[in-house]
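In my numbering, the protein residues as written are 68 to 444.
All C-beta atoms in this analysis are idealised placements derived from N, C-alpha and C, irrespective of residue type, glycine included.
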Ligand SMILES: [Zn+2]
């Protein structure tokens with residue numbers, strides 16, 4: 068048994084660091100494609116069937132890797148290769164470094180560690196001479212951090228052909244995974260008022276900013292923590308000069324809701340907003356961009372399988388209470404595919420300059436992913 072391959076934490080970390088060292092902000096297709104090239108080469112070496120779908124709208128390529136074995140509906144593994152961090156972070160605030168149990172780097176937690184863990188898990192099975200019972204498809208997404216606009220249809224198409232979805236997004240707070248997520252909506256409000264000289268003809272002006280301010284009060288007031296609804300006016304722009312009554316103002320709103328029913332209710336509410344002041348026009352555009360991911364019987368059963376696997380290494384797996392953060396898991400779960408998310412490395416600081424993973428989580432998380440791939444049927 069001496070030469071039996073084992074999951075080696077340093078080996079897993081080495082592979083993660085290689086991925087992290089290729090910086091890949093969502094809007095930089097060229098940089099994202101460099102990491103896609105690297106991952107493509109690794110899956111090619113494992114003998115997987117590859118398909119690379121050229122990027123569009125300024126985003127990188129989608130990479131699909133399928134096991135040559137297995138028939139029928141299998142396991143879809145989702146990971147994204149883009150990060151929120153601009154190029155150069157790796158030389159500044161987010162140098163790849165280790166401090167105790169923490170390893171820092173841009174996108175290391177969200178979610179290059181998770182993507183690499185999935186790759187390593189399959190490689191680990193192959194080098195033990197094992198195969199998964201079901202066919203496995205890995206889908207690497209180039210622009211998840213901006214809402215997967217160019218890959219959503221591909222994710223949904225792939226999900227329909229699979230029995231399970233495993234999403235390698237960051238793990239949570241020590242031995243926790245994700246079994247539900249809120250839906251995410253995006254709305255843009257545009258107000259048209261009337262410009263006038265703020266000193267000479269103030270009475271002729273109609274301030275688009277004032278109207279927007281009133282709308283914002285109304286929108287933020289729809290936040291209802293008890294029902295799990297949040298509305299955030301996160302961006303606003305308007306006006307042309309301090310001495311001109313502003314004729315235009317635009318604001319962008321982020322909506323989070325826990326259920327499909329509330330998604331519909333709130334979408335209807337937004338799209339039917341009326342102006343509050345006189346002589347101003349209001350238009351609202353937008354809708355849900357990620358449907359809610361609700362824990363159902365299929366998801367519960369899949370989570371219980373994961374718990375049983377974790378017990379093999381003497382650990383207890385939990386799921387987090389409904390999270391407000393969306394992922395590509397929202398798309399697969401909304402199609403009724405049992406989806407387990409948050410399977411990546413444990414850590415903290417997603418999207419922040421203290422982004423880090425915990426070394427101690429690498430072996431248990433890789434074990435969990437390996438055994439899910441091996442045993443799901
Ligand atoms: Zn992510």
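Under the three-state DSSP convention, the category residue i falls into
i: residue 314; result: coil
i: residue 355; result: strand
i: residue 169; result: strand
i: residue 104; result: helix
i: residue 423; result: strand
i: residue 375; result: helix
i: residue 113; result: coil
i: residue 253; result: strand
i: residue 267; result: coil
i: residue 129; result: strand
i: residue 158; result: helix
i: residue 309; result: coil
i: residue 177; result: helix
i: residue 390; result: strand
i: residue 199; result: coil
i: residue 92; result: strand
i: residue 150; result: strand
i: residue 164; result: strand
i: residue 73; result: coil
Residue range of the unbroken beta strand (DSSP E) whose run includes residue i
i: residue 206; result: 203-208
i: residue 144; result: 141-147
For residue i, the residue or residues it bridges with in DSSP
i: residue 436; result: Note: residue 436 sits in no beta bridge, so no partner.
i: residue 369; result: Answer is none; residue 369 lacks a bridge partner.
i: residue 349; result: 258
i: residue 291; result: 296
i: residue 502; result: This structure cannot speak to residue 502, because the chain is shown only from 68 to 444.
i: residue 302; result: 319
i: residue 233; result: 144 and 407
i: residue 414; result: 424
i: residue 385; result: 243
i: residue 120; result: 129
i: residue 324; result: 250
i: residue 285; result: Per DSSP, none; premise fails for residue 285.
Proximal residues to residue i (C-beta, below 6 angstroms), its chain only, five neighbours per side dropped
i: residue 399; result: 226, 232 and 406
i: residue 279; result: 258, 316 and 318
i: residue 321; result: 299 and 301
i: residue 342; result: 349
i: residue 263; result: 271, 272 and 312
i: residue 289; result: 298
Where the alpha helix (DSSP H) containing residue i begins and where it ends
i: residue 183; result: 180-194
i: residue 80; result: 76-87
i: residue 396; result: 396-401
i: residue 224; result: 219-227
Cut-off 7 angstroms between Cβ atoms - residues of its own chain near residue i, not counting five sequence neighbours on either side
i: residue 125; result: 94 and 96
i: residue 274; result: 260, 312 and 313
i: residue 178; result: 146, 147, 235, 236, 237 and 411
i: residue 215; result: 208, 222 and 395
i: residue 102; result: 86, 89, 91 and 148
i: residue 188; result: 433, 436, 437 and 440
i: residue 180; result: 83, 411, 412 and 424
i: residue 347; result: 258, 259, 260, 273, 275 and 278
i: residue 429; result: 76, 79, 80 and 412
i: residue 362; result: 246 and 247
Sequence-distant residues of the same chain with beta carbon closer than 8 angstroms to residue i, five excluded per side
i: residue 168; result: 425, 426 and 427
i: residue 402; result: 223, 226 and 227
Residue i beta carbon near ligand 3 (any heavy atom closer than 7 angstroms)
i: residue 147; result: With respect to ligand 3, the structure shown offers nothing to examine, as its ligands consist of ligand 1.
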